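If you count the sequence shown from 1, you need to add 1164 to reach this note's numbering.
Only one structure is covered here, and it is reproduced in the block below.
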Amino acid sequence: MVDLESVFNVPLLKVGVMLGLILLLAAGAVQYTERGKRLRAIQDSEARLNAVIESINDDMFVVGQDGRIELVNRTAEEHWGRSRTAMIGQELGDVIPEIKETPIPDAIGDTVRSGRHLTMQNLKLTAGESSRLYEARLFPFEESTTVLFHDVTERQQAEDERLSISKLESIGLLAGGIAHDFNNIMTGVLGYISFAKLDMPQDSPIYERLTEVERAAIEAKTLTQQLLTFAKGGTPVKELIYLPEVLAESAAFVLRGSSVRCEWDIPVDLWPVRADISQLKQVVHNLVINAMQAMPNGGALTIRGANLVLGGAAQIKGRTLAPGFYVKMTFSDQGVGMTAEQLKNIFDPYFTTKSTGTGLGLTTVYTIIGRHEGAITVDSVPGEGATFEVYLPAASQAATPDSPPFLVTMSSALPSTEGGVLLMDDEPVIRELAARSLTQYGLEVEISDNGEQALQLYRRSVDEGKPFDVVVIDLTLPGGMGGQETMTHLRKINPNIRAIVSSGYHHSPIIANYKEHGFFCVVSKPYRVQDLFKAIQDAMHQK
């Protein structure tokens, strides 16, 4: 046994006291160390919690049962433009006044008592001059309520835009369903007008009246075209267009009989563009109509044209224009003008500043310009009118010889041509008109109302050694073999067949890319007899 007195050279009692002190100090040190670890753990936890709170992108407020703010995160501090020191201790409604008009103040107390989470949507709150849409989420936290405000403005705008596009596509589908029948009827009207003009001297007053009716009938097709702009597809069928004639004709048609006068500033060397003639006319029509409606008491609409060279890419109204050559058209009116808020929504579907109208006109313009890789801007001040600027890519100044026009405009006097034509169309009036009128031009015409019969007639002509010189195919036939399938079989019989595609539904991808499907050109319904005959002539004389 060890003698502690001899080891430490002190009395045994003192040894015991020393050992006790050592053990006490050791225990205290251990306790202090554990307390320090717990304190550091608490501090680390608080730091992590603060980091999480500060990283939240939503506005966060912790509100006590007395309705006063206890905690604010950095996002809320920056968003509402007040320091957290100034906000803590305030009621939430003092920081965000609109909150007082919502159920949130009452819901804060209910959340703590019930322990349930709450979500409130469509809260319109204003910070500074900016009004945004929020979703509020409330959930209990100990004796307080945490309130998170999540900005859903962009999400709601995207949803609204999706719904608008869906509505427009529905309209497009509806319009597509009636376009075929409507344009077939208008083709019959135009055909009989053209037929009547053939027997009428051009200096006759009746001839002049028939020409006006004919022009109005051609313009009537824009009723369906404007709606079809929003349908899926809608790729422009482009041709070389010199703008002065299109601008003058379209503006004159809209302004006929109005108190608005048109002033012009178009340079003689204005570059041509490659565009869909029907869609381009819609652009001019809608911009001129908009100007006319803005000047109910009359005034001047100034239309200008200019050549423009972009040395680098340019951002214009959300669209990027590539470097290159452009034509700028400007439409300036002396109307009532628009506010800044109206300008933000001017191209939105169904938005209109007029008491009447659909609100689709300028949306149509915006859509068409975008499909032509162009851009449009608008500038306006209330009481000082509005100015629209349209940018379209310029075309080469020389038309390519292998690009026949989409819709031919010409006089009724045409030289006769010998040859055989097969015309396939499901509309009896069109078949009858084609047979009568084209025969007068010297052509031998066979007609068919379906694809199977058309193939039989073409095979027979080949077997007899006298194949048809040109085949005119209606793209859309109800039931049976359609125009595209018929063309596929005809090309197997004769890979070099010369065919013209005709359709009342202009936005089919086959119409937009007719050459890829073996067609020589497009004759769009409604068309005149002269239009069809000129296209046949061009196809027959192609080398």
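Idealized CB from N, CA, C, for every residue including glycine.
Quantities reported herein were computed from a predicted structural model and do not represent experimental measurements.
Original post:
Is the segment 1307-1323 touching the segment 1651-1667 in the sense that three or more CB pairs, one from each, lie closer than 8 Å?
Top reply: no
**OP:** Measure how close the beta-carbons of Arg1277 and Val1259 come, nearest whole angstrom, since I'm counting them as under 8 Å.
**Re:** 23 Å between Cβ atoms; not a contact.
**OP:** Go through its chain and collect everything with a Cβ distance to Tyr1371's Cβ below 8 Å, but skip five positions before and after it.
**Re:** Lys1361, Met1364 and Pro1365
**OP:** Apply the 10 Å Cβ neighbour rule to Pro1673 and answer buried if 16 or more other Cβ atoms are within range, or exposed otherwise.
**Re:** exposed
Original post:
What is the DSSP secondary structure of Trp1428, counted as helix, strand or coil?
Top reply: strand
Subject >> Range covered by the alpha helix (DSSP H) that runs through Gln1620 >> reply: Run containing Gln1620: Gly1615 to Asp1627, per the alpha helix (DSSP H) assignment.
Original post:
Is Pro1569 helix, strand or coil by DSSP?
Top reply: Bear in mind that the predicted position of Pro1569 carries a pLDDT of just 32, short of 50, making it too unreliable to give a figure here.
**OP:** Would you mind sorting Thr1351 into buried or exposed? The rule is 16 or more other CB atoms within 10 Å of its CB.
**Re:** buried
Original post:
Beta-carbon of Leu1602 versus every beta-carbon of chain D: anything under 8 Å?
Top reply: Absent from the structure is chain D; it holds one protein chain and no more.
Original post:
Tell me which same chain residues have a C-beta within less than 7 Å of the C-beta of Arg1420, skipping the five on either side of it?
Top reply: none
**OP:** Please work out which residues of its chain come closer than 6 Å, Cβ to Cβ, to Pro1568, disregarding the five sequence neighbours upstream and downstream, and give them in chain order.
**Re:** With a pLDDT of only 33 at Pro1568, under the threshold of 50, the placement of this residue in the model should not be trusted; the figure read from the coordinates follows. If you ignore the 5 residues before and after Pro1568, its C-beta comes within less than 6 Å of the C-beta of Cys1685 and Asp1702, all in its own chain and listed in chain order.
Original post:
Helix, strand or coil: which one does DSSP assign to Gly1644?
Top reply: coil
Original post:
Where does Asn1237 sit, in a helix, a strand or coil, going by DSSP?
Top reply: Of the three classes helix, strand and coil, the one that applies to Asn1237 here is coil, per DSSP.
Original post:
Between which two residues does the beta strand (DSSP E) containing Thr1290 stretch?
Top reply: Leu1282 to Ala1291
Original post:
In terms of residue numbering, what span does the beta strand (DSSP E) encompassing Val1418 cover?
Top reply: Element bounds for Val1418: not the beta strand (DSSP E) but the alpha helix (DSSP H), Leu1407 to Leu1419.
Subject >> Selection from Val1410, Met1651 and Asp1270 that minimises the alpha carbon distance to Lys1679 >> reply: Met1651
Subject >> Extent of the continuous alpha helix (DSSP H) run through Thr1603 >> reply: Counting along the chain, the alpha helix (DSSP H) containing Thr1603 begins and ends at Pro1592 to Gln1604.
Original post:
What is the C-beta distance between Val1437 and Pro1557, in whole angstroms, given that I count them as a contact (C-beta under 8 Å)?
Top reply: 7 Å
Original post:
How many Å lie between Thr1290 and Lys1508 at the Cα?
Top reply: 18 Å
Original post:
Of all the options Leu1696, Val1554, Val1401 and His1681, which has the alpha carbon lying nearest to the alpha carbon of Val1452?
Top reply: Comparing Cα-Cα distances from Val1452 to each of Leu1696, Val1554, Val1401 and His1681, the minimum goes to Val1554.
**OP:** Kindly indicate which residue of Glu1582, Leu1282, Ile1675 and Ala1343 has the alpha-carbon position closest to the one of His1705.
**Re:** Glu1582
Original post:
Going by other Cβ atoms of all chains shown within 10 Å of its Cβ, with 16 needed for buried, is Lys1753 buried or exposed?
Top reply: Because the chain here runs from 1165 to 1707, residue 1753 falls outside it and cannot be looked at.
Subject >> Backbone secondary structure at Leu1654 - three-state DSSP >> reply: helix
Original post:
Buried or exposed: which applies to Met1493, given that a residue is buried once 16 or more other Cβ atoms fall within 10 Å of its Cβ?
Top reply: buried
**OP:** Tell me whether Asn1286 is buried or exposed, calling it buried when 16 or more other Cβ atoms sit within 10 Å of its Cβ.
**Re:** exposed
Original post:
Sorted by chain position, which residues of the same chain lie with C-beta nearer than 7 Å to Asp1497's C-beta, five sequence neighbours on each side aside?
Top reply: Correct list, in chain order: Ala1455, Ala1458, Met1459, Gly1463, Leu1465, Gly1549 and Ala1550.
Original post:
Helix, strand or coil: which one does DSSP assign to Tyr1678?
Top reply: For Tyr1678, the secondary structure class from DSSP, reduced to helix, strand or coil, is helix.
Subject >> Residue burial classification, Val1545 (beta-carbon count within 10 angstroms, cutoff 16) >> reply: With fewer than 16 Cβ atoms within 10 Å of its Cβ, Val1545 is classed as exposed.
**OP:** Report the rounded CA-to-CA distance for Ser1358 versus Gln1694, giving the unit in angstroms.
**Re:** Distance between Ser1358 and Gln1694, taken at the CA atoms: about 7 Å.
Original post:
In its own chain, which residues sit with a C-beta less than 6 Å from the C-beta of Gly1228, not counting the 5 before and 5 after it?
Top reply: Glu1234 and Ser1308
Original post:
What is the rounded straight-line gap between the Cα of Ile1382 and the Cα of Ala1504?
Top reply: Distance from the CA of Ile1382 to the CA of Ala1504, rounded to the nearest whole angstrom, comes to 38 Å.
Original post:
Going by the CB atoms, is the gap between Leu1641 and Gln1648 shorter than 8 Å?
Top reply: no
Original post:
Are Ser1612 and Leu1621 closer than 8 Å when you measure CB to CB?
Top reply: It is a contact, given that the beta carbons lie within the stated cut-off.
Subject >> Gln1706: first and last residue of the uninterrupted beta strand (DSSP E) it sits in >> reply: Premise fails: Gln1706 is in no beta strand (DSSP E) and is neither H nor E.
Original post:
Taking the alpha-carbon positions, what's the Asp1433 to Phe1489 distance?
Top reply: 14 Å
Original post:
Name the DSSP bridge partner or partners of Tyr1298?
Top reply: Leu1287 and Asp1315
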